[in-house]
Ligand code: NAD
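Numbering (this note's numbering), first residue to last: 1 to 406.
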């Protein structure tokens, strides 16, 4: 099993091999500024007490307050959170927003909790982290299995404890609780803006066949937007299974189907396949939008996609990166492709601090400008440095963080 933090450090060293940074700066970047571990007591509905392990890793604050989501997942541990915090520091620098990097989590399968238990756990996380977060210190947001409602509970708990009034400590809140227009779809939409720039540069077919792993916030939104642009989503998966429909999946209909059946398998006209089969399907574009370590040395040689857009964090291991690069398959790295989420989260923070509310058009226009500028810059730099897009994105981010550190 790959340790995601080791993957992250390996990516750092690989970027340094293309453009070298000072040993002191590399050491600074390879260690989080702060690692917090907590035990959250929750009284369960049956009266018993359970104790959940929670985390916050604050990786780097040279460019601004720590920023990053909170993940609720049974496999989440400190190594995963450390890797995600590191990637957030780079991602915020790639998007050129005034934020550092952090990440949080709880080891829990939220599907095993009632709504009351989930609320107690969420409030417990915010209560125990209250001293370490805040609009000018550390600004958390949603990630896998954490929702706008969870952000509201956490923000409410934090504001009650501290008296903070702007509501800018947590982002990804619902609109009625200070959320930003456009935040829900921002990661998927930002990924599509990046895709559109490279679609032209790399001469991909006018209408592409697309395979998406993960039918959650990110994968679902990206699939829907790409389908609206005339691309064909031929396969999609969630944690329970995967479906293939070569004449194209109607994403709105699949959403309805999943709501009614709590699964995507059995969607009319589709064939059930495994998640492993999905990753190696013949297609133009493969979008991993679920979890880490999905494309590894074990399956990279079998990937048939012409182009990979990483909307999940850390889906490709460094060994797989080498195989894909040697096979001429461009991989748009997570820290660029999914940076739309943290960008609009930062817009939310800014609106809360200023007491403003921007329209969806304003938000999306600002997001589009950032995604297009940074994608062009990072892609052109990869050509100039004769390296892959991940190393190029790392180099751009590291240069910006190094400047701020100095
Ligand atoms: P989500 O919880 O809304 O969705 C995750 C999806 O992945 C679900 O459909 C789930 O069923 C599926 N999944 C889980 N395990 C799977 C597996 N083994 N195979 C196939 N599918 C599986 O989470 P999300 O917010 O969409 O996040 C997805 C990824 O995007 C994560 O890596 C996250 O860190 C990253 N990300 C999210 C945001 C954001 O704004 N939400 C921003 C940047 C990056």
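Heads up, the beta-carbon is just placed ideally off N, CA and C, and yes, glycines get one too.
Beta-bridge pairing of residue i - partner residues as DSSP gives them
i: residue 43; result: 49
i: residue 73; result: 107
i: residue 83; result: Answer is none; residue 83 lacks a bridge partner.
i: residue 288; result: 213
i: residue 35; result: 57
i: residue 271; result: 244
i: residue 141; result: 69
i: residue 309; result: 332
Pairwise C-alpha distance: residue j and residue i
i: residue 307; j: residue 159; result: 44 Å
i: residue 182; j: residue 98; result: 20 Å
i: residue 113; j: residue 57; result: 25 Å
i: residue 83; j: residue 225; result: 29 Å
i: residue 41; j: residue 261; result: 33 Å
i: residue 139; j: residue 333; result: 23 Å
i: residue 79; j: residue 3; result: 7 Å
i: residue 317; j: residue 74; result: 21 Å
i: residue 302; j: residue 96; result: 35 Å
i: residue 291; j: residue 241; result: 14 Å
i: residue 85; j: residue 273; result: 33 Å
i: residue 161; j: residue 125; result: 13 Å
6 Å Cβ shell around residue i - same chain, five flanking residues per side excluded
i: residue 168; result: 135, 349, 352 and 353
i: residue 141; result: 69, 171, 172 and 345
i: residue 196; result: none
i: residue 81; result: 55, 57, 103 and 105
i: residue 35; result: 57
i: residue 259; result: none
beta-carbon residue i near the ligand NAD non-hydrogen atom, thresh 7 Å
i: residue 239; result: yes
i: residue 214; result: yes
i: residue 142; result: yes
i: residue 353; result: no
i: residue 187; result: yes
i: residue 311; result: yes
i: residue 100; result: no
i: residue 336; result: no
i: residue 324; result: no
i: residue 266; result: no
i: residue 7; result: no
i: residue 219; result: yes
i: residue 376; result: no
i: residue 289; result: yes
i: residue 275; result: yes
i: residue 341; result: yes
i: residue 145; result: yes
Outcome for residue i when other beta-carbon atoms lying within 10 angstroms are tallied against a minimum of 16
i: residue 321; result: buried
i: residue 63; result: buried
i: residue 39; result: exposed
i: residue 239; result: exposed
i: residue 43; result: exposed
i: residue 51; result: exposed
i: residue 360; result: exposed
Beta-carbon contacts of residue i that lie in its chain and below 7 Å, excluding the five residues immediately before and after
i: residue 387; result: 18
i: residue 407; result: A query on residue 407 cannot be resolved here, the shown segment of the chain reaching from 1 to 406 and no further.
i: residue 166; result: 135, 352 and 353
i: residue 337; result: 191, 194, 309, 310 and 311
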